[in-house]
Amino acid sequence: MRSCCAGDGQGTNSWLLIPDLRCVGRSRHLIRSQVSMASSITKTFDLLAQSRNSHAINALILALDVEDELIQEQAVFALLQQQSARGLVEVIRRYATHSPSVRKLLETHTKALDAAIRQCLLHGNRELQYCGLEFVRVNHDFRQIPALIDLFENKRLVNHQPDLATQTLRHLIGLLYEHFLDRSVDSAYSRSFLKNAKEIRREILSSLMKASENLPEFDRPEEIMESLLILGNVDDAAIRKILWHSDPETRRLAEEVLHESKHVGVMQLICDFTGVSYPNTKALEALANREDPEFIAHLLRWLPEHPSELQQTNFRQIGKLAWLEADHQDFTRIPPVLQTSVIRLISLLDLDLPSKKQAQRWMLQYGTPAAKEAAISILRNPDRAEVAEMVLENLDSEDPVQQAWATCQLRAQHVPDAMNLLVEKIDSPIEEVREAARRELASFDVDFVLEHFEEFSPQVCPSVGRLLLKLDPRCLIDLSRAMAHPLKKRRIQAARCAQVLQLHGEVIPALKALTEDSDELVRRTSAEILGTLSTPEARQALLHLVSDEKTRVREVAIKALRVPEKSKEVPADQSATEKGE
């Protein structure tokens, strides 16, 4: 075969197929052998799993250390079937070195491991206790929480891993608490389904309650108390017994946890007491006295937008919160999104006036637009001058959002010269401010001006006229139509409005039409207004009135025509004749 391969280049590939086919044959034989071996191994472990001979357990334990994942997995499965405490303890001992497939197998058989885990936790050495705690933590084995609680009982048990035991207890209690929260809220913990969750919680509360009755016998009793307050609800018997009917030392510890715990479960328990008929006084004291940022943030996030009557009553009973008193206020640490909640909270409390005013002043100066708006109504009788001053300060802010808010408040808060300021903001280089000014002036048209022009100060009127021209291109047409209104009062009002806004020079044809009006007062009003203009069109319109049948009308027209044209630049606020003449 070698000579053929060397001598025939063209046949080399076909000759080389022969050893390849032989290799394939050997591979198939090897695969069949391996399958046969695997089948034999499976049968062997099946027999060991069913055997009641003590040597079978020894053999399975030895198999746990064989460097073959298949054998290890078969050994673990057989020991799970055997339910040998000694064998399962050895499985737990090797938990850190198990392959992913073995760990997955153990995860699905946690109930079968209950006794072995408990033995590792309560009676094992340091190594076994560590492995047991790791197993419980990784697999979220809530059934072992009572064993963890027992681990802290220092009179009869040795805790080789106090820190790890504490961490594991906290982790599992936190997971269980999160399980009962609203599923629509994102959670840092697992959202996997927990079978019999309510029953598990009830059993754990019972274990915690039993432990709390003998707290002096426990190491780290504050961990037991915090776990109980995390899982308990305001209507749970365990919570009521601890806070109302336990011994003074236990109540003191509970009060300490209520004041210091940063866990959301404890902080929520405090908040929940505001919604019951007979709240625990220590819980309300914690709400009133806590000043840590974690609790303040939680309280503000939780605070209902529309509190119930019970909540309103209980907040009034609390009266004041330490962090809201004038000498303790520091709103810089409040996230902007929670500033409106601060105002809502203040409105629920019976806070002293200086504290309210100080909070209002800070919110008006530094708060978000929504917080500023809410802060205005924080007092029953707010100082309007002070509010207006804050609005003006924000109007000059470098922050576009603050400027836009202040622009929206100019008219609402009766800020002096509001119209003139709005006119200026229409041309602001900041888009948000321009839009705010336009929104404020969206209803600013001829009808609005006719109703309110007599309220405008003389200094503002020219700005109002310019603004009207800018916002309403049809304003001159509408003003001219108003001068032709069927009602005499409306015609006179429109003519005087045009003069006050310094738009009378733009509506001379309409004023000229009024010189032919059937009513003497209307003709005289048009003469007075035309007399303030120096244009040829205005003088021409007055000529018609020189021969008017009414003496007063003729006198006004003649007097106006005697004034030289160049001196007839009369300011709009200096009318030739008083309105009532």
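For the sequence shown, position 327 (counting from the first letter as 1) is numbered 333 according to this note's numbering, and the numbering increases by one without interruption.
All residues carry an ideal CB built from backbone N, CA and C; glycine is no exception.
Asn239 versus Ile245: straight-line alpha-carbon distance, rounded:
Between Asn239 and Ile245, the C-alpha separation is close to 7 Å.
Boundaries (first-last residue) of the alpha helix (DSSP H) holding Gln546
First-last of the alpha helix (DSSP H) with Gln546: 542-549.
According to DSSP, what are the bridge partners of Glu159?
Answer by DSSP bridge pairing, in chain order: Phe224.
Could you say which of Thr521, Leu309, Arg226 lies nearest to Leu170 if we only look at CA atoms?
Checked all of Thr521, Leu309, Arg226; the closest Cα to Leu170 is Arg226.
Runs of beta strand (DSSP E) lying entirely within the segment 90-152, each at least 3 residues, in chain order
Fully enclosed beta strand (DSSP E) runs of 3 or longer: not present.
Given that a residue counts as buried once 16 or more other Cβ atoms are within 10 Å of its Cβ, and exposed if not, what is Arg568?
A residue is called buried once 16 or more other Cβ atoms fall within 10 Å of its Cβ, and Arg568, having fewer, is exposed.
Specify, as a first and last residue, the run of the alpha helix (DSSP H) that Met396 falls within.
In the DSSP assignment, Met396 falls within the unbroken alpha helix (DSSP H) covering 390-401.
Cβ pair Leu309, Ser353 closer than 8 Å
No; because the gap between Cβ atoms is not below 8 Å, this pair is not in contact.
Flag this pair as touching only if the segment 261-273 and the segment 210-225 have three or more C-beta atom pairs under 8 Å; answer yes or no.
Judged by Cβ distances under 8 Å, the segment 261-273 makes no contact with the segment 210-225, as fewer than three pairs qualify.
At a cut of 8 Å, does the segment 479-496 reach the segment 439-450 through at least three beta carbon pairs?
Touching, no.
Please look up how many angstroms separate the CB atoms of Val429 and Val397, rounded, as I've assumed it's under 8 Å.
Contact flag wrong, Cβ pair sits at about 16 Å.
Beta carbon of Leu221 nearer than 8 Å to that of Thr256:
Yes, these two residues count as a Cβ contact at 8 Å.
Quick one: what's got a C-beta closer than 7 Å to Ile324's C-beta in the same chain, skipping five residues either side?
In the same chain as Ile324, and ignoring 5 residues on each side of it, the C-beta atoms closer than 7 Å to its own belong to Leu290, Leu293, Ala294, Leu355, in chain order.
Once the 5 residues before and after Gln499 are set aside, which same chain residues still bring their CB inside 8 Å of it?
A distance below 8 Å between beta-carbons, with the five flanking residues on each side excluded, links Gln499 to the following residues of its chain, in chain order: Leu456, Ala488.
Of all the options Ser361, Asp358, Pro342, Val393, which has the alpha carbon lying nearest to the alpha carbon of Ala377?
Per the Cα distances, Pro342.
Asp554 in three-state terms, based on DSSP:
In the three-state scheme derived from DSSP, where H, G and I count as helix and E and B as strand, Asp554 is classed as coil.
In angstroms with no decimal places, state the Cα-to-Cα distance between Arg58 and Leu237.
Looking at the two C-alpha atoms, the distance is approximately 44 Å.
Would you mind stating whether Leu536 and Ala547 have Cβ atoms separated by less than 8 Å?
Yes. Within cutoff.
Compute the Euclidean distance between the alpha carbons of Ala194 and His146, then round it to the nearest angstrom.
Caution applies to Ala194, whose pLDDT of 42 falls short of 50 and renders its modelled position unreliable; the value that the coordinates give is listed next. Note on geometry: alpha-carbon atoms of Ala194 and His146 lie some 14 Å from one another.
Which two residues bound the contiguous alpha helix (DSSP H) that contains Gly471?
Unbroken alpha helix (DSSP H) run through Gly471: 467-477.
Where does Glu219 sit, in a helix, a strand or coil, going by DSSP?
Here DSSP, grouped into helix, strand and coil, assigns Glu219 to coil.
8 Å Cβ shell around Gln89 - same chain, five flanking residues per side excluded:
Cβ within range, chain order: Ala118.
Measuring straight from C-alpha to C-alpha, what distance separates Arg545 and Arg417?
One C-alpha to the other measures close to 39 Å.
Could you check how far apart the C-beta atoms of Gln80 and Phe51 are, in whole angstroms? I think they sit under 8 Å.
Rounded, the Cβ-Cβ distance is 4 Å, consistent with contact.
Starting from Ile382 and walking both ways along the alpha helix (DSSP H), at which residues does that stretch end?
Where Ile382 is concerned, the enclosing alpha helix (DSSP H) stretches over 375-382.
In chain order, what residues of the same chain have a beta carbon less than 7 Å from the beta carbon of Ile248, not counting five sequence neighbours either side?
Here Ile248 has Ser218, Leu234, Thr256, Ala260 as same chain residues with Cβ atoms under 7 Å from its own Cβ, once five neighbours each way along the sequence are excluded.
Measure the C-alpha to C-alpha separation of Ile155 and Leu68 and round it to an integer number of angstroms.
Approximately 33 Å, taken between the alpha carbons.
When you compare only the Cα positions, how much space is there between Val72 and His104?
When the Cα atoms are used, Val72 and His104 turn out to be separated by approximately 11 Å.
Sequence-distant residues of the same chain with beta carbon closer than 7 Å to Asp120, five excluded per side
Excluding residues within five positions, the ones whose Cβ falls inside 7 Å are Arg149.
Buried or exposed for Tyr136, going by 16 or more other Cβ atoms inside 10 Å?
Answer is buried; the Cβ neighbour count reaches 16.
Which of helix, strand or coil does DSSP assign to Gly238?
In the three-state DSSP reduction, Gly238 falls in the coil class, being neither helix nor strand.
Roughly how many angstroms lie between the CA atoms of Ser601 and Leu539, to the nearest whole one?
The structure shown does not extend to residue 601, since the chain is modelled only from 7 through 587, so no value can be given for it.
Considering just the uninterrupted stretch of the alpha helix (DSSP H) at Pro168, what are its terminal residues?
The continuous alpha helix (DSSP H) containing Pro168 extends over residues 168-185.
Close Cβ partners of Gln371 (< 7 Å) along its chain, the five nearest in sequence each way excluded:
Cβ contact annotation for Gln371 (same chain, cutoff 7 Å, sequence separation greater than five): Met396, Glu399, in chain order.
Is the Cβ-Cβ distance between Ile98 and Gly138 less than 8 Å?
Going by C-beta atoms, Ile98 is nearer than 8 Å to Gly138.
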